[in-house]
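Heads up, the sequence shown is in my numbering, so the first residue is 95 and it goes up one at a time. Don't be surprised by glycine CBs; every beta carbon is placed ideally from N, CA and C. Inspection log for the structure reproduced underneath, given as structure tokens.
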Amino acid sequence: MIVQPTEEQLDRAAQLIRSGALVAFPTETVYGLGANALDEEAVARVYAAKSRPWASPLIVHVSDAAMARSITVEWPPVAATLAERFWPGPLTMVLKKAPVIPALVTAGLDTVGIRIPAHPIALELIRRAGVPVAAPSANRFSQLSPTTAEHVQQALGEEVELILDGGPAQVGIESTVVSLWRHPPVILRPGMISQTDLEAVTGMRWEREVDLPKIVESPGMHPRHYAPRTPFYLLEPGAEKPPGRGRVIEMPSDPQAFAARLYSELHRADEEGWEWIAVTKPPDTPEWAGIIDRLRRASAPEN
Ligand code: AMP
Ligand code: MG
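Dropping the structure here:
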């Protein structure tokens, strides 16, 4: 059920989280499906609701840096620097996990992905619940991520008791994920905080983990992900369109506006009954890297 985030509904949502139930909530990236990250049974419900493979770790959402540190055993200077500059915001830091975090949250890894979301409703929910909230995107595994409460209702309406409505997500694609326990640190998943941003703030060179075996370091990064049901193509600029009745979705030329609209455009086009849908490939520059990554996964073959 979609509800407005009134005082009463926020209290109810926090109570549901504390009691082991699932609550869908808005963040600035996409809507999340949240559970108490300290409660293994609650976390198991998240995997079941999404039909998500257990080998795919969940991001733990916290309301402040102290809560972040309470679920890690190591807080290197680079984590402090990045938290100071980018939190709350769309940056997930992978650090060595504390024993309070059940193995199920991290798919058995001894590291945990953490972030503070930049959304007042998400922050209020976590604060009131008083526990870290494990939350993947509130969709079925490998399908399009939700950027509105209605998207969540369509995908998981049966599975989740409460969907807090926060309007359309402002960033629109999933967070940048960085691994900080490794030396040197690496970008595991690109997002709207770019390699250039990370380099400017840390004064060091950052690499993207592209050629290393993903299975080991970032088990959730399947080639096909974030995908509409309609066959989806990523077209080179000026390339010929595929045959049949299809639609090339017009997108903004600015990366922030492009990301903010991407999933809602794909959701809508997916409902329109085309034989194919497509997006023209944006420039291959660092600010577009997160968007190009999602477009590639959305257009990857089934296997
Ligand atoms: P989602 O919540 O669906 O946006 O996906 C979260 C993604 O974050 C996972 O699929 C992983 O790629 C990444 N992630 C989360 N926790 C870890 C971790 N401990 N180690 C490496 N990658 C992680
Ligand atoms: Mg997801």
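Check: Mark Pro226 as exposed unless 16 or more other C-beta atoms lie within 10 angstroms of its C-beta, in which case mark it buried.; Outcome: buried
Check: Going by Cα to Cα distance, which pick from Val124, Asn130, Ala173 and Gly128 is closest to Leu292?; Outcome: Ala173
Check: In terms of residue numbering, what span does the alpha helix (DSSP H) encompassing Thr290 cover?; Outcome: Gln289 to Thr296
Check: Return the Cβ separation of Ile343 and Glu365 in integer angstroms, given the expectation that the two are a contact with Cβ distance under 8 Å.; Outcome: The Cβ separation is near 13 Å, so there is no contact.
Check: Any idea if Arg277 is buried or exposed, counting beta-carbon neighbours within 10 angstroms, 16 or more meaning buried?; Outcome: Per the sequence shown, the amino acid found at residue 277 is His instead of Arg. Exposed, by the Cβ-count rule.
Check: Can we count Pro230 as close to the ligand MG, meaning its CB is less than 7 Å from some heavy atom?; Outcome: yes
Check: Report the option in Trp370, Arg341 and Leu104 whose CA atom is closest to the CA atom of Arg221.; Outcome: Leu104
Check: Near His361, which residues of its chain fall below 7 Å by C-beta distance, leaving aside the five closest residues on each side in sequence?; Outcome: Leu238 and His245
Check: Measuring alpha carbon to alpha carbon, tell me which of Pro182, Val206 and Lys191 ends up nearest Ala216.; Outcome: Pro182
Check: Comparing alpha-carbon positions, which option in Glu218, Phe352 and Gly202 lies nearest Ala149?; Outcome: Gly202
Check: Could you tell me whether the Cβ atoms of Val154 and Ala131 are closer together than 8 Å?; Outcome: yes
Check: State the CB to CB distance for the pair Val295 and Val188, rounded to an integer number of angstroms; the pair is presumed to be in contact (CB under 8 Å).; Outcome: Wrong, their Cβ atoms sit about 17 Å apart, outside the cutoff.
Check: Sort out for me which residues DSSP pairs His155 with in a bridge.; Outcome: Arg209 and Val227
Check: Report the CB separation of Arg302 from Ile287 in whole angstroms; it is logged as a contact under 8 Å.; Outcome: So it is not a contact: roughly 13 Å between Cβ atoms.
Check: Which residue comes first and which comes last in the alpha helix (DSSP H) that contains Arg400?; Outcome: Only positions 95 to 397 of the chain appear in the structure, and residue 400 is not among them; the question remains open.
Check: Using a threshold of 7 Å, is the CB atom of Ser239 nearer than that to any non-hydrogen atom of the ligand MG?; Outcome: yes
Check: Looking at the strands, I want to know which residues DSSP matches up with Ser273.; Outcome: Val188 and Val280
Check: Relative to the alpha-carbon of Met345, which residue among Gly367, Ile385, Trp370 and Asp378 has its alpha-carbon at the smallest distance?; Outcome: Ile385
Check: Using 8 Å as the limit for Cβ to Cβ distance, is Gln237 near chain C?; Outcome: Absent from the structure: chain C. Only one protein chain is present.
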